[in-house]
């Protein structure tokens, strides 16, 4: 046995010295830990945060945004919107090149915008775009069929990557183009190596058009799908930045780590709203008083402070509360069980009813826990709730998109301008069976349709705010969905990092100023 | 003679794999939801046209039996198709993953056989001694405990109490540009916990089996003869007894191979090990039919090959079986 113990001792020493041999921080390299697996890197044809994060590093876009929702120059050094709102001129920087050395021209911008218009899942982003004219190499003029105030936000890095026409315009189907996984980009970082589902190694683009950027030599996305393994990697310094952290357990645990800081503000434009959706076509739920009764029975404060341990932010309406279009005067439905019971009685359900609640199988405490909470809470107003579990996303999405549900916990994203992510839930012509995150509530109100149609083309920001205010008043009264909170997309990062992306697009912004402090 | 046996085994193997393909194809389609829905989910929404174009692109709008026929004929020509999720050929995805899985499974297999047999032999020497009792208890516990639980316990222990082993992944990303031997050391370092986790279950079985088998052999006449000749204890145990006791161990080792691969699925998921098991797990959640099918195809092929090899090695080890069908 002495041999065995000696062997064990030697093994431990070897293991320890190997651990010690790992450099704590490699100069100029930042490792991002992510649970998200991208299908590919071409954000022009694939939305979502998994593709969005690397895509915003690999591709530049015409504009980027500051913390106050104001557009800033990026590939376009300046831009003008015509008086009638029907054309938008982009003046591109002169010396920008793609990663293969080819210059970025207005042709590429035109190609990218038309490609996105035809292929991106968010149709409304560029729907009014009729053509993009290219009077010279550095000028692109976007011609619109109607004024389109959402256009500028739609030209953000997360939504409008400028892709090279000479690579993607070769006639192959863009959605399955081989260059989607071996992209030739225009952004601060170039793809060096991708191991599907494992890691994305990005290296500095030495010819990036913004001088002195990016600061880092290497940006590596390490995909760790198991959250506990990911937390350990963050704790022991194997990873430096963890975006889209949304579990209170994760936040509370990493808060205690000395070398880490946590940002809870970034990403308001991504706008993830966690809500309880009603199938208004169900006979039991067609009366808005029943929906209001349920809203009055739900204690938002309890959910946020107890179930989410204070890490979520409250959200009362369909538009993110940080957005300039949010109307602060909408009702909050603060918990009031007497009012809830009275409403149930008025609606003719004094004896209560049976309801089933589904939930998106995402972060457990955001959806499943609330669904389970509803069972006890709604019991107090005579509603007997059954929680129906779904083992995975396709199961849940299959039910909800085919309107086979009564109540469901769901998270739907704003994606910048309300035209992109908000309208889809409420427009009556977007009641489409089989399509998840369409108007699966079967909500229909001609007045809402009209207000949204007007807001989509109103170029005067103040007037647009008024239209959205009226819309928010109506839908928070009629409640096709009852918004509860914002998903707490927080970013944990090493305190020695500077330039951490905390703007309105959060980690979907180019990380060209991210750096280690001296 | 051996050649015709081999052919026969191969024939069974091909039939078996055909069955695996058909059954898996039908089973996975019983799960609700489809890949188009998953892709829409990843993207935060999609239009109707987009969903139907995805379905048309992947042939999901065809009747299931037509899809099955197309799939089988493609597999017959060596084409496992394109992953719906990763936009890459399934063959290339598996090529990236098969190495880590084989490494994990082989190391775990070796570890469990060597340690298990060693423990069994030691225990068999004194069937009523304390070591034997320990081996029995350890074997029962090791076999009864679910592999993911062992994995998670090891992670907790080595992550917080005694942090000498990395608890996830196969290689440290910071070692990417290190010398090759450092990279190998790094992989070995990462391999310790997953391999031990996977080995524990099977180790227990080998220990039990070799203990029983050795006890039987140790009571036989030729062992008494060997002892009477004055052979040393070590020679008796390892040269005379173990050789005969090893036959059942060999059989079980071959049969275990399939279990090891399915065990690897769980271990890979727990330890974020970049192998085929995790690829299968991820693909099931995403309804990535071609990838699931491809992984199962390869896994069953590995099991079939392992069984054939066991069969052959069995014949090599036991002269009595040579030449028999």
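Chains as they are written, first to last, in the working numbering: chain A, 364 to 881; chain B, 53 to 377.
Using N, Cα and C, we set each Cβ at its ideal position, and we do this for glycine too.
It should be emphasised that the depicted structure is a prediction, and the values quoted were computed from it without experimental measurement.
Following the continuous alpha helix (DSSP H) through residue 239/B, name the residue where it begins and the one where it ends.
Here the alpha helix (DSSP H) through residue 239/B covers 232-270.
According to DSSP, is residue 538/A helix, strand or coil?
Here residue 538/A sits in helix by DSSP.
Could you tell me the boundaries of the beta strand (DSSP E) in which residue 635/A lies?
Residue 635/A -> beta strand (DSSP E) spans 635-641.
For residue 316/B and residue 187/B, what's the separation of their Cα atoms in angstroms?
Roughly 24 Å between the two C-alpha positions.
Starting from residue 587/A, trace the alpha helix (DSSP H) both ways and give me its first and last residue.
No alpha helix (DSSP H) contains residue 587/A, which DSSP labels as neither H nor E.
Using a Cβ cut-off of 8 Å (strictly closer), state whether residue 164/B contacts chain A.
False, the Cβ-Cβ gap to chain A never drops below 8 Å.
Please list, in chain order, the chain A residues whose beta carbon lies closer than 7 Å to that of residue 225/B.
Neighbours of residue 225/B on chain A, chain order: 394, 562, 583, 585.
What is the residue span of the beta strand (DSSP E) that residue 452/A lies within?
450-455 is the span of the beta strand (DSSP E), which, as asked, contains residue 452/A.
DSSP three-state call for residue 384/A: helix, strand or coil?
In this prediction, residue 384/A scores a pLDDT of 45, lower than 50, which makes its location untrustworthy; no coordinate-derived value is stated.
Tell me whether residue 288/B sits in a helix, a strand or coil according to DSSP, three-state version.
DSSP places residue 288/B in helix when its eight states are reduced to three.
Go ahead and pull the three-state DSSP assignment for residue 604/A.
Note: residue 604/A maps to strand in three-state DSSP.
Can you pull the chain A residues whose beta carbon is under 7 Å from the beta carbon of residue 94/B, in chain order?
402, 411, 413, listed in chain order.
How about residue 386/A: is its C-beta nearer than 8 Å to some C-beta of chain B?
Reliability fails at residue 386/A, whose pLDDT of 45 lies under 50, so the model's placement of it is uncertain and no value is given.
Work out the CA separation of residue 491/A and residue 808/A for me, nearest whole Å.
Rounded to whole angstroms, residue 808/A to residue 491/A spans 24 Å at the Cα level.
Which residues of the region 748-777 of chain A have a Cβ closer than 9 Å to any Cβ of chain B? Give them in chain order.
Those residues of the region 748-777 of chain A that come within reach of chain B (Cβ to Cβ, closer than 9 Å) are 753, 754, 755, 756, 757, 758, 759, 760, 761, 762, 764, 775, 776.
Quick check on the DSSP output: the alpha helix (DSSP H) that includes residue 432/A runs from which residue to which?
No alpha helix (DSSP H) contains residue 432/A, which DSSP labels as neither H nor E.
Looking at the unbroken alpha helix (DSSP H) that takes in residue 328/B, where does it start and where does it end?
Its alpha helix (DSSP H) spans residues 328-337.
Any idea if residue 729/A is buried or exposed, counting beta-carbon neighbours within 10 angstroms, 16 or more meaning buried?
Classification of residue 729/A: buried, given that the 10 Å Cβ count is 16 or more.
Are the CB atoms of residue 65/B and residue 360/B within a distance shorter than 8 Å?
Yes, they are a contact pair.
Between the Cα of residue 297/B and the Cα atoms of 77/B, 267/B, 326/B, which residue gives the shortest distance?
It is 267/B whose Cα lies nearest to the Cα of residue 297/B.
I want to verify the contact list: residues of chain A whose CB lies under 8 Å from the CB of residue 89/B, in sequence order.
Result: 756, 757, 760, 761, 764, 799.
Whole angstroms are fine: how far does the CA of residue 636/A sit from the CA of residue 311/B?
Spanning the two alpha carbons is a distance of roughly 44 Å.
Buried or exposed, going by whether 16 or more other CB atoms sit within 10 Å of the CB of residue 178/B?
Under this definition residue 178/B is an exposed residue.
I need the DSSP call for residue 319/B, collapsed to helix, strand or coil.
Helix at residue 319/B.
When you check each C-beta in the region 118-140 of chain B against every C-beta of chain A, which residues fall closer than 9 Å?
Hits within the stretch, in order: 134, 135, 136, 137, 138, 139, 140.
Are residue 384/B and residue 346/B closer than 8 Å when you measure CB to CB?
Given a span of 53 to 377 for chain B in the structure shown, any question on residue 384/B remains unanswerable.
In whole angstroms, what separates the C-alpha of residue 783/A from that of residue 440/A?
So the two alpha carbons sit approximately 25 Å from each other.
Does the beta-carbon of residue 320/B have 16 or more other beta-carbons within 10 angstroms, so that it is buried, or is it exposed?
It counts as buried.
Find the nearest neighbour of residue 768/A within the set 640/A, 787/A, 833/A, 880/A, judged by alpha-carbon distance.
For the residues 640/A, 787/A, 833/A, 880/A, the minimum Cα distance to residue 768/A belongs to 640/A.
Taking the continuous alpha helix (DSSP H) assigned at residue 828/A, which residues delimit it?
Per DSSP, residue 828/A belongs to the alpha helix (DSSP H) from 824-841.
Is the Cβ of residue 409/B closer than 8 Å to any Cβ of chain A?
This structure cannot speak to residue 409/B, because chain B is shown only from 53 to 377.
For chain B, check one thing: does any of its Cβ atoms lie closer than 8 Å to the Cβ of residue 480/A?
So no, residue 480/A is outside the interface.
Give me the residue from 100/B, 301/B, 71/B, 300/B with the minimum Cα distance to residue 803/A.
That would be 100/B, whose Cα lies nearest to the Cα of residue 803/A.
Taking CB distances under 8 Å as the criterion, tell me whether residue 592/A reaches chain B.
Closer than 8 Å to some Cβ of chain B, the Cβ of residue 592/A qualifies, so yes.
Residue 324/B by DSSP, collapsed to three states: which one?
Coil at residue 324/B, not helix or strand.
If I measure Cβ to Cβ from residue 805/A and keep anything under 7 Å in the same chain, skipping five residues before and after, which residues do I get?
Taken in chain order, the residues that qualify are 642, 643, 644, 766, 794.
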